[in-house]
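To convert, take the position in the sequence shown, counting from 1, and add 6; that gives our numbering. Structure first, then comments.
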Amino acid sequence: MPETSGRVDSPEHDAGGTAPYRPGYEIAAERILSYVAQERLRPGDRMPTEKDLSELLEVSRTVTREALKVLAALGRVSVRKGAGIYVAEPSGLAAQQSWNLFLPADADQVRLLFS
7 MPETSGRVDS
17 PEHDAGGTAP
27 YRPGYEIAAE
37 RILSYVAQER
47 LRPGDRMPTE
57 KDLSELLEVS
67 RTVTREALKV
77 LAALGRVSVR
87 KGAGIYVAEP
97 SGLAAQQSWN
107 LFLPADADQV
117 RLLFS
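Written as structure tokens, this is what we have:
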């Protein structure tokens, strides 16, 4: 498992409460992608365990599990029961895009990603 550089960077939360509600798993999925980019993980690289990701992201394992399901459905991670979580090999549409192009650039792109 690659050594982590600490907590995953995340955008500041809107203290004024004006931002629209986003489920925790959406935020966690975005932060997992940020982790992959920060750690420069490549397809086939093993990621931290669900438990370790939960601690890294400071969210519950349930939220982490749901985020991983979303990312697996999008073809960004591969969750192999009993073997771990891996950065997925690009296939289909994902193969036509660079991994880094998938990372959301702003909140609007993230909302589009999950709508």
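Here a beta-carbon is modelled for each residue, glycine too, at the ideal position from N, C-alpha and C. What you are looking at is a predicted structure, and each value in this text was computed from that prediction instead of being measured.
Tell me whether the beta-carbon of Gly30 lies closer than 8 Å to the beta-carbon of Val76. In the sequence shown, residue 30 corresponds to position 24, counting from 1. In the sequence shown, residue 76 corresponds to position 70, counting from 1. Going by C-beta atoms, Gly30 is not nearer than 8 Å to Val76.
6 Å CB neighbourhood of Phe108 in its chain, flanking five on each side removed: Along the sequence shown, read from residue 1 onward, the residue named residue 108 stands at position 102. Because the pLDDT of Phe108 is 48, which lies under 50, any placement of that residue in the model is unreliable, and the number read from its coordinates should be weighed accordingly. So no residue of the chain qualifies.
Residue environment, Pro54, which counts as buried when at least 16 other CB atoms sit within 10 Å: Here residue 54 is taken as the residue at index 48 of the sequence shown, counted from 1. With 16 or more other Cβ atoms within 10 Å, it is buried.
Taking DSSP as the reference, what is the three-state secondary structure of Ser104? Along the sequence shown, read from residue 1 onward, the residue named residue 104 stands at position 98. Residue placement at Ser104 cannot be trusted, given a pLDDT of 46 that sits under 50; what the coordinates show is reported in the next sentence. Three-state result, Ser104: coil.
Does Ile91 come out as helix, strand or coil in the three-state DSSP assignment? Sequence index remark: in the sequence shown, residue 91 carries index 85 (1-based). Strand at Ile91.
Pro49 versus Val93 - alpha carbon distance: Numbered from its first residue, the sequence shown carries residue 49 at position 43. Numbered from its first residue, the sequence shown carries residue 93 at position 87. For Pro49 and Val93, the distance between alpha carbons rounds to 5 Å.
DSSP three-state label for Val65, please. As a position in the sequence shown, residue 65 is number 59, starting the count at 1. Three-state DSSP puts Val65 in coil, outside helix and strand.
Figure out for me which residue from Leu62, Ile33 and Lys57 has the closest Cα to the Cα of Glu45. Reading the sequence shown from its first residue, position 39 is the one you call residue 45. When each option's Cα is compared against that of Glu45, the closest is Leu62.
Close beta carbons around Ser66, own chain, < 6 Å, minus the five adjacent residues each side: Sequence index remark: in the sequence shown, residue 66 carries index 60 (1-based). Result list for Ser66: empty, nothing under 6 Å.
Just checking Lys57 against the ligand NAD - is the residue's beta carbon closer than 7 Å to any of the ligand's heavy atoms? Questions concerning the ligand NAD fall outside what the structure shown contains, since it holds no ligand whatsoever.
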